[in-house]
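In our numbering, the protein residues as written are 8 to 406.
As structure tokens, the structure follows; a few thoughts come after it.
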Amino acid sequence: MKKILLLGGSAQQVVAIETAKRLGYYTVLCDYLTDNPGQYAADSFHLVSTTDLEAVLQVAKEEQVDGVLAYASDPAAPTAAYVAEQLGLPGNPYRAVDILCNKDKFRAFLAENGFCTPTAKGYTDEASAVCDLRNGAFRFPVIIKPVDSSGSKGATVLQSAEDAEKAVAYAFSFSRGSRIIIEKFITMKHPYLIGGDLFVENGEVVLWGLMNCHRDSTVNPLVPVGKSYPTELSASDLQLAKDTLQTLVDKLGIRSNAMNVELVIDEDNQVWLIDVGPRNGGNMIPDLLSMIFDIDIVEMSVQTAMGVPVPRPENEGHPFYATHNLHTDKNGKFSEVRFSEEIQPYIVRSCVYKKKGDAVEYFDNSAKALGIVFFRFESEKQMQDYLTNIHQHIEIVVE
């Protein structure tokens, strides 16, 4: 029986373990958390940090694995690439993955290779960053964020230098490597930031899972609260985005598997790549895309990690699908989720992570989501109307 090494056993990553087992693979899991749910699904579990390259490599050698996958995990993606490269397993170049997982390296790569790149500078100490913000080194607005985080953790948009110290300290608090980046905030011409997942096979993007990214300004305008498909981009802008992303894949030498992307297009029709992660997206994006394209994205990721060719989607994507990340604007204890009668006919799946009495927190980063709801609507207008007024239809009861 062939073995696959999976890096990360969180609730959202269990699906990859279960999919690998269904496909007949022996599953080996690494995670540094003693209470991770994945350990109960995997065949073999090692209490090892997924960011410890050498320790994970040692596990891979001991278990004699045939493939390695960091499903929906930015921190573990470089480790997966490193192990694959060291052992000659299927995977993407470690150098390329390392660039994508570090925002300062990514910005430098974009600038060196002719992509639109916002003015940016990286920092390893708070004082220097605050000094530059206050002394005119940047034109506002700017965005401040850790170079090695995802899900908008630690990110702040500043309109002036007034809250510089607070924003810089916040970014550093979420950086594993104690590095942040400050960059010009780009204004987009379309109503939503564009994001989602691509799937690459033999260096070619074979699935374009680009969607509208929804935010909730009442909690944190930078944190994703859901996706909707199709994008509200013109045909020419959508093609411009696709051309830019395929060029990025080419220049990095990405060979296979999923990529999670965020981008904007400005009034001058320039594409700005905000974030590109060499892994499946979080917030159950693969599950949503599987519905849209009638294909199992998780299975594609597992098989690609094992060197097995995967099928291309046979349709252009079914409209009008969307997700909403359940969240709250207060701390307390979870009681229940209430859906209006009006929206219930459009719910195709509901996943609630919390049970009654569990502690919940104010939603200032994606890790604090309480669950995810999947919808399918009858028209684009209906979809946007419901999503714009989602708080009228979903109530999170917190005690």
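Just so you know, even glycine gets a beta-carbon here, dropped at the ideal spot from N, CA and C.
Checklist entry - Taking the alpha-carbon positions, what's the Gly-414 to Arg-262 distance? => result Any answer about residue 414 is impossible in this case: the structure gives the chain only from 8 up to 406.
Next on the checklist: Beta-carbon within less than 7 Å of Pro-228's beta-carbon, same chain only, minus the 5 sequence neighbours each way: which residues are those?
Outcome noted: Counting only residues of its own chain and dropping the five nearest sequence neighbours on each side, Pro-228 has a CB closer than 7 Å to the CB of Arg-222.
Checklist entry - Which of helix, strand or coil does DSSP assign to Arg-286? => result Three-state DSSP puts Arg-286 in coil, outside helix and strand.
Checklist entry - In whole angstroms, what separates the C-alpha of Asn-43 from that of Ile-151? => result Asn-43 and Ile-151 have their C-alpha atoms spaced approximately 31 Å apart.
Next on the checklist: Let me make sure I understand the geometry here. Which of Ile-281, Asp-371, Ala-91 has the alpha-carbon closest to that of Asp-111?
Outcome noted: Ranking Ile-281, Asp-371, Ala-91 by Cα distance to Asp-111 puts Ile-281 first.
Next on the checklist: Looking at Val-55: is its Cβ nearer than 8 Å to the Cβ of Cys-37?
Outcome noted: Going by C-beta atoms, Val-55 is nearer than 8 Å to Cys-37.
Checklist entry - Around the Cβ of Pro-231, are there at least 16 other Cβ atoms within 10 angstroms (buried) or fewer (exposed)? => result That one is buried.
Next on the checklist: Please tell me whether Leu-14 and Ala-83 are closer than 8 Å, where the distance is taken between their beta carbons.
Outcome noted: Their beta carbons are under 8 Å apart, which means Leu-14 touches Ala-83 by this criterion.
Item to check | Distance, Gln-351 Cα to Lys-362 Cα | outcome: Each residue's Cα considered, the two are about 21 Å apart.
Checklist entry - Buried or exposed: which applies to Ala-88, given that a residue is buried once 16 or more other Cβ atoms fall within 10 Å of its Cβ? => result Buried, by the Cβ-count rule.
Checklist entry - When burial is assigned at 16 or more other CB atoms within 10 Å of the CB, is Ser-241 buried or exposed? => result Exposed: under 16 other Cβ atoms inside 10 Å.
Checklist entry - Which residues does DSSP pair with Ser-156 in a beta bridge? => result Among the bridge pairs identified by DSSP, Ser-156 is matched with none.
Next on the checklist: Applying the 10 Å Cβ sphere with the 16-neighbour rule, what's the burial state of Thr-225?
Outcome noted: By the neighbour-count definition (other C-beta atoms within 10 Å, threshold 16), Thr-225 is an exposed residue.
Checklist entry - What are the uninterrupted segments assigned as beta strand (DSSP E) that are 3 or more residues long and contained completely in the region 41-124, given in chain order? => result As for any beta strand (DSSP E) of minimum length 3 sitting wholly inside the region 41-124, the runs are 51-54, 74-76, ordered along the chain.
Next on the checklist: Contact defined as beta carbons within less than 8 Å: I believe Thr-335 pairs with Tyr-360. What is the distance between those atoms, to the nearest angstrom?
Outcome noted: Not confirmed; about 12 Å, so no contact.
Item to check | Pairwise C-alpha distance: Tyr-236 and Tyr-47 | outcome: About 34 Å.
Next on the checklist: For Asn-372, tell me which candidate among Leu-255, Lys-249, Ser-156 has the shortest Cα-Cα distance.
Outcome noted: Looking at Leu-255, Lys-249, Ser-156, the one whose alpha-carbon comes closest to that of Asn-372 is Ser-156.
Checklist entry - For Phe-300, does the count of other Cβ atoms within 10 angstroms reach 16, so buried, or fall short, so exposed? => result Buried, because 16 or more other Cβ atoms sit within 10 Å of the Cβ of Phe-300.
Next on the checklist: Quick check on Glu-211: does DSSP put it in helix, strand or coil?
Outcome noted: The DSSP-derived three-state label of Glu-211 is strand.
Checklist entry - Tell me, which residues are paired with Gly-233 by DSSP? => result Bridge pairing for Gly-233: His-221 [DSSP].
Next on the checklist: On the criterion of 16 or more Cβ atoms from any shown chain inside 10 Å, does Ala-374 qualify as buried, or is it exposed?
Outcome noted: Label assigned to Ala-374: exposed.
Checklist entry - So, do the region 267-281 and the region 194-212 have three or more beta carbon pairs nearer to each other than 8 Å? => result A contact between stretches requires three or more CB pairs, one per stretch, nearer than 8 Å, and the region 267-281 meets this requirement with the region 194-212.
Checklist entry - Could you give the distance in angstroms between the alpha-carbon of Met-313 and the alpha-carbon of Glu-402? => result Roughly 42 Å separates the two Cα atoms.
Checklist entry - Helix, strand or coil: which one does DSSP assign to His-331? => result In this structure, DSSP gives His-331 an extended state, which the three-state scheme calls strand.
Next on the checklist: By alpha-carbon positions, which one of Leu-295, Arg-345, Asn-332, Asp-257 ends up nearest to Gly-324?
Outcome noted: With distances taken between Cα atoms, Gly-324 lies closest to Leu-295.
Checklist entry - So, do the region 206-220 and the region 172-192 have three or more beta carbon pairs nearer to each other than 8 Å? => result The region 206-220 vs the region 172-192: no contact.
Checklist entry - Can you tell me whether DSSP reads Lys-10 as helix, strand or coil? => result Under the three-state reduction of DSSP, Lys-10 is assigned to strand.
Checklist entry - Are there three or more Cβ pairs, one per stretch, closer than 8 Å when the region 130-137 is compared with the region 160-175? => result Contact between the region 130-137 and the region 160-175 is present, because at least three Cβ pairs lie under 8 Å.
Next on the checklist: Let me make sure I understand the geometry here. Which of Leu-394, Thr-194, Phe-327, Val-256 has the alpha-carbon closest to that of Val-149?
Outcome noted: Ranking the options by Cα distance to Val-149, first place goes to Thr-194.
Next on the checklist: Please list the terminal residues of the continuous alpha helix (DSSP H) segment that includes Leu-255.
Outcome noted: 242-259 is the span of the alpha helix (DSSP H), which, as asked, contains Leu-255.
Checklist entry - Out of Cys-358, Ser-357, Ala-376, which has the shortest C-alpha to C-alpha gap to Ala-366? => result The shortest C-alpha to C-alpha distance from Ala-366 to any of Cys-358, Ser-357, Ala-376 is the one to Ala-376.
Checklist entry - Is it buried or exposed for Glu-306, if we count other Cβ within 10 angstroms and need 16 for buried? => result Result: buried.
Next on the checklist: Only counting the same chain, and skipping five residues up and downstream in sequence, which positions put a Cβ closer than 8 Å to that of Thr-34?
Outcome noted: Counting only Cβ-Cβ distances below 8 Å, and skipping sequence neighbours, we find Lys-10, Ile-11, Leu-13, Ile-24, Ala-27, Lys-28, Ala-48, Ala-49, Asp-50, Ser-51.
Checklist entry - Using the C-alpha atoms, what's the distance from Asp-204 back to Leu-214? => result For Leu-214 and Asp-204, the gap between their C-alpha atoms comes out near 8 Å.
Checklist entry - Under a Cβ-count criterion, where at least 16 other Cβ atoms within 10 Å of its own Cβ denotes burial, should Phe-381 be classed as buried or exposed? => result It counts as buried.
Checklist entry - If Pro-285 sits next to Met-266, beta carbons under 8 Å apart, how far is it from one beta carbon to the other, in whole angstroms? => result Contact annotation, Pro-285 with Met-266: C-beta distance approximately 6 Å; criterion of less than 8 Å satisfied.
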